[in-house]
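In terms of the working numbering, the numbers along the sequence shown are unbroken and rise by one, the last being 160.
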Amino acid sequence: MIITILALVLIIACVGSVVFVNKYINGNTTDTNTNTPTVTTPSGNPIDPQASAIIIHPQTAGAIDKTTLEPKAGTIKTTFKVNDPIYVTFNLDPNKYDVTKEKSWVNVRFYKGKQSILKDDPLAVDKEETVGYFGAQYYLATPDGAAEIYWCHTSTCSDGKLAQVVHFTVTN
């Protein structure tokens, strides 16, 4: 039974599961929306307003543009097929954090229902970044896939603050 459950939740994190890219910000650098949405989270953790102001615009996509490291046009979606890549993409607002004062990490936890199915693998944010993504592949269908995006100040992400959640479905 345990092997079946493990097989059910087995996923492969993409090589270099997170890629960040430095992007130039043009013009408007302020975010006027400071409301934190009420979202059901798989872990039950509340969304932290400060973390959600840093990690913004989360979404899921089926492909990443290798030049911009953002979702390819037409691939943003919430339903995926078994074995297809699932990319959780997001932006970071560099006006909301300062890596010269405090080192930071981003971590994504993938879920099937309320069960976390991957070990944490935080990525250091050691320069001003604005784009990031994590990738995974589900081998079995699930109607309740999700990913939680955390902002952390320790390399293990033991102090992680939940910033965003995305929900998706994996079908046969």
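Note that the Cβ used here is the ideal one computed from N, Cα and C, for glycine as well.
Length of the line joining the Cα atoms of residue i and residue j
i	j	result
Gly123	Pro59	12 Å
Asp114	Glu90	9 Å
Lys107	Asp132	19 Å
Phe156	Thr66	5 Å
Tyr68	Gly32	The amino acid occupying residue 68 in the given sequence is Phe; Tyr does not appear at that position. Between Phe68 and Gly32, the C-alpha separation is close to 24 Å.
Leu80	Asp147	18 Å
Ala135	Tyr75	10 Å
Leu150	Ser92	14 Å
Val87	Glu116	7 Å
Ala49	Thr63	5 Å
Residue range of the alpha helix (DSSP H) that includes residue i
i	result
Ala41	Pro37 to Ile42
Beta bridge counterpart(s) of residue i as assigned by DSSP
i	result
Lys107	Partner(s): none; Lys107 has no beta bridge.
Ala49	Ile64 and Tyr75
Thr157	Thr67
Gly123	Tyr75
Lys149	Trp139
Gly133	Lys100 and Phe156
Burial state of residue i (16 or more Cβ within 10 Å)
i	result
Tyr127	exposed
Asn95	buried
Gln152	buried
Gly120	buried
Pro34	exposed
Ala39	buried
Gly15	Residue confidence is low: Gly15 scores 37 on pLDDT, short of 50, so the model does not pin down where it sits. Its coordinate-derived value is still stated next. Answer is exposed; the Cβ neighbour count stays below 16.
Val3	Here Val3 scores only 29 on pLDDT, less than 50, and its place in the model should not be relied on; the value that follows carries that caveat. It is exposed - the Cβ of Val3 has fewer than 16 other Cβ atoms within 10 Å.
Gly101	exposed
Pro30	buried
Limits of the unbroken beta strand (DSSP E) element including residue i
i	result
Leu162	Given a span of -11 to 160 for the chain in the structure shown, any question on residue 162 remains unanswerable.
Distance cut-off 7 Å: residue i Cβ against heavy atoms of the ligand NAP
i	result
Ser92	As for the ligand NAP, it is missing from this structure, which has no ligand bound.
Minimum Cβ-Cβ distance from residue i to chain B less than 8 Å
i	result
Lys107	Chain labels in this structure do not include chain B; a single protein chain is all it has.
Exercise. Enumerate, from N- to C-terminal direction, the unbroken alpha helix (DSSP H) stretches of 4 or more residues contained entirely within the stretch 57 to 118.
Key: none
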